[in-house]
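J.:
Chains as they are written, first to last, in our numbering: chain A, 1 to 114; chain B, 1001 to 1114.
Here it is as structure tokens:
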């Protein structure tokens, strides 16, 4: 893995469904993994910042896990609601020759329908 | 506390014209990022400042793009001359200089070049 990759690109679910997304990132020079939620016409907002292999974080119905050895993170949403509709971005924070760098994936667009 | 402020929110210009975007980061944040997001893609880093120093501008198209961050606070990003392919959302973000700290984003400037 050379870049930060997210899957799926988009997802339509029904209200009440649980869902999960994947973020894959280069494991070399890894420092931290960020998850952001970006709602239409708003600014991206951080959900989680994780640094340690095996980290699990939870905020309400949303949780995330981190595997730094194999270079992936999962974001889970339990019982999706229409207000969860947004683009979910992950970003890998790495050390480069020019200093630390936050590199984003292309995002997963989630649409939760009634 | 005010968040990251960007202006203008929207800008429509003709190709070959100059354009400038302004960003006021959160007070005390020493790291400032400019990202560009093309339709259907994740944010792409253009330039990163630590205080007033541009520490990563490897992705900035220097033939037409320039940026400055005088006194290590506000920043401006300029395009001269603009091309059709520059149409995108330009996001500014700021953070403290630690690897596990989230970035805070402004609402972005949507540029349309016609």
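Each residue gets a CB set at the ideal place from its N, CA and C atoms; glycine is no exception. Since this is a predicted model, take the numbers as computed values, not measurements.
Please specify which runs of the beta strand (DSSP E), each continuous and at least 3 residues long, are wholly inside the segment 2-48 of chain A, giving them in chain order.
T.: Qualifying beta strand (DSSP E) stretches, in chain order: 5-7, 10-14, 19-24, 30-38.
J.: Does DSSP put residue 1084 (chain B) in a helix, a strand or coil?
T.: Residue 1084 (chain B) falls in the helix class under three-state DSSP.
J.: Compare the C-alpha of residue 1008 (chain B) against each of B:1091, B:1058, B:1102, B:1069 and name the closest.
T.: Closest option to residue 1008 (chain B), Cα to Cα, is B:1091.
J.: Would you be able to state if there are at least three C-beta pairs under 8 Å between the segment 23-31 of chain A and the segment 69-89 of chain A?
T.: Because the criterion of three Cβ pairs below 8 Å is met, the segment 69-89 of chain A and the segment 23-31 of chain A touch.
J.: Using three-state DSSP, classify residue 1052 (chain B) as helix, strand or coil.
T.: Coil, per DSSP.
J.: So is residue 61 (chain A) buried or exposed if we call it buried at 16+ other beta carbons inside 10 Å?
T.: Flag for residue 61 (chain A) reads exposed.
J.: With a 10 Å radius around its C-beta and 16 neighbouring C-beta atoms as the bar for buried, classify residue 12 (chain A) as buried or exposed.
T.: By the neighbour-count rule (16 or more Cβ atoms within 10 Å), residue 12 (chain A) is not buried but exposed.
J.: To be precise: take each residue of the segment 12-44 of chain A, compare its Cβ to all Cβ atoms of chain B, and keep it if any distance is under 9 Å. Which residues remain?
T.: Cβ contacts with chain B: 31, 32, 34, 36, 38, 41, 42, 43, 44.
J.: Rounded to a whole number of angstroms, what is the C-alpha to C-alpha distance between residue 41 (chain A) and residue 1107 (chain B)?
T.: Cα to Cα, the separation comes out at about 7 Å.
J.: Indicate whether residue 1076 (chain B) and residue 1020 (chain B) have their beta-carbon atoms separated by less than 7 Å.
T.: Yes, the pair counts as a contact, with Cβ atoms nearer than the cut-off.
J.: So, residue 91 (chain A) versus residue 39 (chain A), is the Cβ gap smaller than 7 Å?
T.: Going by C-beta atoms, residue 91 (chain A) is not nearer than 7 Å to residue 39 (chain A).
J.: Whole angstroms is fine: what's the gap from residue 1072 (chain B)'s alpha carbon to residue 1102 (chain B)'s?
T.: One C-alpha to the other measures close to 19 Å.
J.: What separation, rounded to the nearest whole angstrom, lies between the Cα atoms of residue 1045 (chain B) and residue 80 (chain A)?
T.: Going from the Cα of residue 1045 (chain B) to the Cα of residue 80 (chain A) covers about 31 Å.
J.: Between which two residues does the beta strand (DSSP E) containing residue 66 (chain A) stretch?
T.: Unbroken beta strand (DSSP E) run through residue 66 (chain A): 62-67.
J.: Residues in its own chain within less than 8 Å of residue 1039 (chain B) by CB, not counting five upstream and five downstream?
T.: Answer for residue 1039 (chain B): 1088, listed in chain order.
J.: Would residue 89 (chain A) count as contacting chain B if we go by Cβ distances under 7 Å?
T.: With 7 Å as the cut-off, residue 89 (chain A) counts as an interface residue toward chain B.
J.: Between the C-alpha atoms of residue 1113 (chain B) and residue 1036 (chain B), what's the straight-line distance to the nearest angstrom?
T.: Between residue 1113 (chain B) and residue 1036 (chain B), the C-alpha separation is close to 14 Å.
J.: Within a Cβ cutoff of 6 Å, which residues of the same chain sit near residue 16 (chain A), ignoring the five residues on either side of it in sequence?
T.: Within the same chain, residue 16 (chain A) has close Cβ partners 79.
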